């Protein structure tokens, strides 16, 4: 790792949505992507072609030329593969990208320099995201590795922050509420409208405004609706309208009660 | 109602966030706001001053000069007051603005021309909204009143749609999911981050992207996260992290199960 940050050579272990977004972002900043590994050869080849790298579907053929190895694999397979990955080059820096895996998964892997590089964002194949505004949360065991990692992350994002494994778990959990669960509520709303013969697009201005509001107000101050007003006649009418779908009715009840109780505090 | 739509004279019965936004939007399009009523005199006076109208806090003093009376009061008081309001001028057009009240609340009020004008949006005192993109959902008993109402609504919005009372109830219910419940999930996420010593603002890029995605993909296709992948080790770890707040843990369980089950269909 004697090169300057802009000359960095990166190996991507994984070629999913996150790896793909991150590899392209580093490439745009002039980093050299040496190699892309994926168990699925077509995925490895496709991303490799986009970022000017070699590709492999054989983990034992991982390049020894990387300064940084970015491991973006499914959580349940990461741990077993770390010793194989760390064997590629002992003195390189190794990071995983998982919100839910602690730094300590690297212990015993054989890697001397390791850490975590967690982008707090949702990635889809069909959408490019702007990495500059995405928080990149970094962690490393050694202070010198943490400093190096912050410098590297700073190539692609203006929002680099060092957090502990415990904080990262809280971030990941809060992201499930703010992104995955929120999207499911949009889905439930879409189904209700579909049954009524109305397009989901009618809700988009409301959804946009709900999002814009929390840029200016705290979510607590932004809360509106029948539950926070404890408007029981509307709530009853809504529960009645949901009687054919008890599991959706249960979600309505639980969230309404939670809103009401949080605002009594 | 012999005047053209742009010469329309409007009386606002109510001076809350919705009435305020709507009155200003009509005023900007050249409509004349004749009078603003609110039980709270200061609210009536404040909005009246902003839109160049008279004001009153006495419903028996409602102006007889309106072509259109817009009733934007709390749902639970609307019904009892409609006969008093309708007495102001028998041949005018009367509308309420509630998502959850059927058109039929006007029956027996004495109004000859009546309907509903429901803006599908969330209104806050501190934020101005752009009415042109807000869906305005209209309904009337007589076709000629519906046509007139669509023309009037078209002054302030480019998205005017005629819906039935049943469809409007579905829209209101879906808005509770997509706006009120979504905002509460943001609030729960904010609390989790606060406990971890991290600012809510870290989540904003993720929240923005979650919203942008449903402009391009259906919410179903946009779904990501541990529940849709059925990643049990992450789900277990999250439930464990929520063990101190059983009601939030219950929300996590219920929404995760709902996501998983909907995506098995």
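Residue numbers (my numbering), protein chains in the order written: chain A, 43 to 307; chain B, 43 to 307. Ideal Cβ positions, reconstructed from N, Cα and C, are used throughout, including at glycine. Predicted model only: the values in this text are computed from it and were never measured.
Please report the distance separating the alpha-carbon of residue 44(A) from that of residue 145(A). At residue 44(A), the pLDDT of 45 sits below 50, so the modelled position is not reliable; the number obtained from the coordinates is stated separately. Each residue's Cα considered, the two are about 24 angstroms apart.
When we look at the beta-carbon of residue 119(A) and count the other beta-carbons within 10 Å, is it buried (16 or more) or exposed? Under a 10 Å Cβ-count criterion, residue 119(A) is classified as exposed, with fewer than 16 other Cβ atoms of the shown protein chains found around its own Cβ.
Determine contact between the segment 150-169 of chain B and the segment 180-197 of chain B, defined as no fewer than three beta-carbon pairs at a distance below 8 angstroms. Between the segment 150-169 of chain B and the segment 180-197 of chain B, the count of C-beta pairs closer than 8 angstroms reaches three or more; the two stretches touch.
For residue 89(B), which option in 72(B), 63(B), 112(B) has the closest C-alpha, if you only look at C-alpha atoms? For residue 89(B), the closest C-alpha among the options 72(B), 63(B), 112(B) is that of 63(B).
Taking 8 angstroms as the cut-off, does the segment 198-208 of chain B touch the segment 97-107 of chain B (at least 3 CB pairs, one atom from each stretch)? In the pairwise beta carbon analysis, the segment 97-107 of chain B is classified as not touching the segment 198-208 of chain B: fewer than three pairs are separated by under 8 angstroms.
I need the DSSP call for residue 77(B), collapsed to helix, strand or coil. The three-state reading of DSSP puts residue 77(B) in strand, counting E and B together.
Proximity test, Cβ basis, 9 angstroms: residue 272(B) and chain A: No, no contact with chain A.
According to the Cβ coordinates, are residue 51(B) and residue 255(A) closer than 9 angstroms? Not in contact: residue 51(B) and residue 255(A) (Cβ atoms no closer than 9 angstroms).
For residue 181(A): DSSP bridge partner residues: Answer is 158(A).
Residue 176(A) lies in the beta strand (DSSP E); which residues open and close that run? Unbroken run through residue 176(A): none, as it is neither H nor E.
Could you have a look at residue 50(A) and say whether DSSP puts it in helix, strand or coil? If DSSP states are grouped into helix, strand and coil, residue 50(A) belongs with coil.
Which value, in whole angstroms, describes the spacing of the CA atoms of residue 216(A) and residue 111(B)? Computed Cα separation, rounded: 45 angstroms.
Report the neighbours of residue 226(B) on chain A: residues whose CB is nearer than 7 angstroms to its CB, in chain order. Ordered by position in chain A, the residues that pass the 7 angstroms Cβ test against residue 226(B) are 265, 297, 300, 301.
Buried versus exposed, by CB contacts within 10 Å (16 or more), residue 225(B): Burial call: buried.
Where does residue 257(A) fall in DSSP's three states? Look at residue 257(A) here: in three-state DSSP terms it is helix.
What's the C-alpha gap between residue 258(A) and residue 265(A)? Looking at the two C-alpha atoms, the distance is approximately 13 angstroms.
Identify the continuous beta strand (DSSP E) that holds residue 138(B) and give its terminal residues. From DSSP, the beta strand (DSSP E) with residue 138(B) extends over 135-138.
Presumed contact (8 angstroms Cβ cut-off) between residue 178(B) and residue 199(B), rounded CB distance: A Cβ-Cβ distance of about 4 angstroms is found for the pair residue 178(B) and residue 199(B), placing them in contact under the 8 angstroms criterion.
I'd like the ranges of any alpha helix (DSSP H) spanning at least 4 consecutive residues and lying wholly in the segment 234-288 of chain B. Secondary structure in the segment 234-288 of chain B: the alpha helix (DSSP H) runs of 4 residues or longer, each lying completely within the stretch, are 246-258, 261-264, 268-271, 274-283 in chain order.
Using the beta-carbon of each residue, which ones in chain B are nearer than 9 angstroms to residue 66(A)? Within 9 angstroms Cβ-Cβ: nothing; residue 66(A) doesn't reach chain B, min ~16 angstroms.
For residue 198(B), does the three-state DSSP call read helix, strand or coil? Annotated three-state conformation of residue 198(B) is helix, per DSSP.
Check whether the Cβ of residue 44(B) lies closer than 9 angstroms to any Cβ atom in chain A. Caution is warranted here: a pLDDT of 45 is assigned to residue 44(B), below 50, making its placement in the model unreliable, and no coordinate value can be reported.
Could you name the residues of chain A that residue 239(B) contacts, counting a contact when the two beta carbons are closer than 8 angstroms? Within 8 angstroms Cβ-Cβ: 209.
Enumerate in chain order the residues of its own chain whose CB-to-CB distance from residue 305(B) is below 6 angstroms, with the five nearest sequence positions on each side excluded. Annotation for residue 305(B): 270 place their beta carbon closer than 6 angstroms to its own, counting only its chain and skipping 5 residues before and after.
Using the beta-carbon count (16 or more within 10 Å), is residue 274(A) buried or exposed? If you draw a 10 Å sphere on the C-beta of residue 274(A), you find fewer than 16 other C-beta atoms in it, and that means exposed.
If we ignore side chains and look at the alpha-carbon of each, how far apart do residue 77(B) and residue 95(B) end up? If I take the Cα positions, the gap works out to 5 angstroms.
Can the beta-carbon of residue 27(A) be found less than 9 angstroms from the beta-carbon of residue 113(A)? For chain A, the structure presents residues 43 to 307; residue 27(A) sits outside this window and is missing.
Which residues in chain B have a C-beta closer than 8 angstroms to the C-beta of residue 71(A)? List them in chain order. Going along chain B, no residue has its Cβ under 8 angstroms from residue 71(A), so there is no contact; the nearest lies around 18 angstroms.
Which two residues bound the contiguous alpha helix (DSSP H) that contains residue 98(B)? Unbroken run through residue 98(B) is the beta strand (DSSP E), 96-98; no alpha helix (DSSP H).
Taking C-beta to C-beta, are residue 219(B) and residue 231(A) nearer than 9 angstroms? Yes; because the gap between Cβ atoms is below 9 angstroms, this pair is in contact.
In chain B, what lies closer than 8 angstroms to residue 212(A) by C-beta? Contact note: residue 212(A) reaches chain B through 234, 235, 237, 238, 240, 283, using a C-beta cutoff of 8 angstroms and chain order.
I need the straight-line Cα distance from residue 297(B) to residue 293(A), nearest angstrom please. Roughly 7 angstroms between the two C-alpha positions.
Identified DSSP bridge partners for residue 203(A): Per DSSP, the beta bridge partners of residue 203(A) are 179(A).
Go ahead and label residue 253(B) buried or exposed: buried means 16 or more other beta carbons lie within 10 angstroms of its beta carbon, across all protein chains shown. Per the 10 Å Cβ criterion, buried.
Can you tell me whether residue 307(B) is buried or exposed, with buried defined as 16 or more other CB within 10 angstroms of its CB? Burial call: exposed.
Determine whether the beta carbon atoms of residue 48(A) and residue 197(A) lie at a separation below 9 angstroms. A distance below 9 angstroms separates the beta carbons of residue 48(A) and residue 197(A).
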